[in-house]
Amino acid sequence: MKKQAALELIDFLYESPTAFHSVLKTESYLTEHGYVELKEADQWALESKGKYYVKKNDSALIAFEIGTGDVIDHGIRMIGAHTDSPGFRIKAKSEMVIEGSYLKLNTEGYGGPLLYTWFDRPLGLAGKVTLKGETPFKPVTRLVNINKPLLIIPSLAIHMNRSVNEGFEVNKQKDTLPLLGLVNEHFEKDNYLVKLLANELEVDYKEIMGFELSLYEYEKGCLVGVNEELISCGGLDDMWMVYAGVKALVESNETAATKMMICMDNEEIGSLTAQGANSNFIPNIIERVTLALGKDREGMHRTLANSVMISADLAHAVHPNVSEKHDPTHRPVLGKGPVLKIAASGSYSTDSHCMAIFEGLCQTAEVPYQKFYNRSDVRGGTTIGPVTSSILTIPVMDMGAPLLGMHSIRELASVEDHDFTVKLFTTFFGL
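Under this note's numbering, residue 441 is the last one in the sequence shown; the count climbs by one each step, no gaps.
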């Protein structure tokens, strides 16, 4: 059962190569389980026990189920995660012909990818394409996924860089531009990418007004290890937590509290977008839910006073080859359960109150748990936790399943931890 659940996670991730596809896949899963889409431009009428979702920019989604009790008295239980992953985006004028023979694409880094892991791997191309609409204010958007080994970033041979194994600084403008193909007399290099997209979408290439395209690893994830106890896959950070949270939302028991799964975009670049956590999207949806349930703004603030959130983003497990990089007394490992993340700097939102809630939830769910602190001489990352905590002014516990190789093109996790995390989230929503 646990292996099958992990394989289903791998399938979900493979069909979610970009934030746009992540939301599309999540939307399909929610629709299958009775959730109804709400449009921001429409007037909302919500019912007790009703199941709904709202999208933003096709790359962020908030799903919720109205509780059986009064929303003010029982509050909202939220899990927040992000739909984006680090990697490379294609620039608008992207074709570059080198030596009259090589056609490569001009890219820019998105977030903080582990650059060297992207070399010599077959890459697919996916994202959103914007087409001309009836008016300039109403363009049409289409998703595209060229799911074949379309591109590759070749390494430089060791013979031409003898010191490469002693350290190599990767230049994102020079070293990581992917090769698309070879130019010959039959190869149309002008507008090649746009024409490729048009062919994929079956439209005239002149209808394409713009695109947001990302590279991704073509090879699908898999189970590895002597007992297939590990998950090797791209995009675990952070679509794993999106998947686990949505699955828990759908499968959890009815409860008096309203349940909400928050899937935000652009966490890897700071969340400061309309579809990011550092926007008004989350508070706007909460306000509209409470208003649609017959409450006023005072009622919304009283609802928030009884609400709580889990910020679910992945945590660093102790690396078996460089264990000295980790804190001497807090050393989470794969397979031993979800990890609570704490930082005196405030880069994680967990405080002692949140710590007590988290540990109580883990005990109720009968799930083991671990704690993570950065080494005091190492600057760590952050999550949507501090942003949402400051905007909503509610308790937000920062946690995540343990991971090795974070931000690699292919990350490493544990089958056991997937099971533990879904159990924890299901308990959180269902109590």
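Even for Gly, the Cβ is constructed at its ideal location relative to N, Cα and C.
Residues sharing a beta bridge with residue i, DSSP
i, result
"LYS66", "ALA70"
"VAL139", "ARG152 and PHE221"
"MET409", "ALA322 and LEU350"
"GLU57", "None, per the DSSP bridge assignment."
"TYR112", "ILE108 and LEU192"
"PHE3", "Since the first residue shown for the chain is 11 and the last is 441, residue 3 is missing from the structure and cannot be characterised."
"THR117", "ILE100"
"LEU422", "SER242 and LEU414"
"ARG87", "LYS269 and VAL318"
"LEU19", "Answer by DSSP bridge pairing: none, since LEU19 is not bridged."
"GLU47", "TYR63"
"GLY134", "TYR226"
"HIS31", "Answer by DSSP bridge pairing: none, since HIS31 is not bridged."
"GLU446", "Since the first residue of the chain shown is 11 and the last is 441, residue 446 is not available in this structure."
"HIS92", "MET274"
Cβ pair residue i, residue j closer than 8 Å
i, j, result
"ASP247", "HIS428", "no"
"ASP68", "ASN276", "no"
"ARG6", "LEU223", "Here the chain has residues from 11 to 441 only, and residue 6 is not among them."
"PHE221", "THR140", "yes"
"SER359", "VAL406", "yes"
"LEU190", "ALA16", "no"
"ARG298", "TRP128", "no"
"LYS142", "MET251", "no"
"LEU402", "LEU314", "yes"
"LYS138", "LEU153", "yes"
"ALA411", "PRO330", "no"
"LEU414", "LEU344", "yes"
Presumed contact (8 Å Cβ cut-off) between residue i and residue j, rounded CB distance
i, j, result
"ILE442", "ILE272", "Look at the range of the chain in this structure, 11 to 441, and you will see that residue 442 is not part of it."
"LEU303", "LEU56", "6 Å"
"TYR24", "GLY235", "Their Cβ separation, rounded to whole angstroms, is 19 Å, which puts TYR24 and GLY235 out of contact at 8 Å."
"ILE162", "PRO188", "6 Å"
"PRO27", "TYR226", "4 Å"
"LEU434", "CYS364", "Actually they are not in contact, since the Cβ atoms of LEU434 and CYS364 sit about 14 Å apart, beyond 8 Å."
"LYS12", "PHE22", "Not confirmed; about 16 Å, so no contact."
"HIS92", "ASP323", "7 Å"
"ILE76", "SER104", "Contact doesn't hold; Cβ gap of about 46 Å is too wide."
"THR393", "ASP408", "6 Å"
Which whole runs of the alpha helix (DSSP H) in the region 259-326 are 4 residues long or more, in chain order? The qualifying runs are 291-302 and 307-315.
For the pair the region 359-369 and the region 253-271, tell me if three or more CB-CB distances fall below 8 Å. No, the region 359-369 is not in contact with the region 253-271.
Those runs of the beta strand (DSSP E) which lie wholly inside the region 159-238 and span at least 3 residues: At a cut-off of 3 residues, the continuous stretches assigned as beta strand (DSSP E) that sit fully inside the region 159-238 are 189-192, 218-227 and 232-234.
Does the region 85-99 come close enough to the region 261-275 that 3 or more CB-CB pairs lie under 8 Å? Yes: at least three Cβ pairs fall under 8 Å.
Just checking, does the region 115-130 make contact with the region 172-192 on the three C-beta pairs under 8 Å criterion? They touch, by the three-pair rule.
Tell me whether the region 231-248 and the region 59-67 touch, counting them as touching only if at least three CB pairs, one residue from each stretch, are closer than 8 Å. Verdict: no, contact absent.
Does the region 286-293 come within contact of the region 398-409, defined as at least 3 CB pairs closer than 8 Å? By the Cβ test, the region 286-293 is in contact with the region 398-409, since at least three Cβ pairs between them sit closer than 8 Å.
Please confirm if the region 419-433 is in contact with the region 229-242, defined as three or more CB-CB distances below 8 Å between the two stretches. Output reads yes: the region 229-242 touches the region 419-433.
Answer yes if the region 318-327 comes into contact with the region 372-379, meaning at least three C-beta pairs across the two stretches below 8 Å, and no otherwise. Taking a contact to require three or more Cβ pairs closer than 8 Å, the region 372-379 and the region 318-327 do not qualify as touching.
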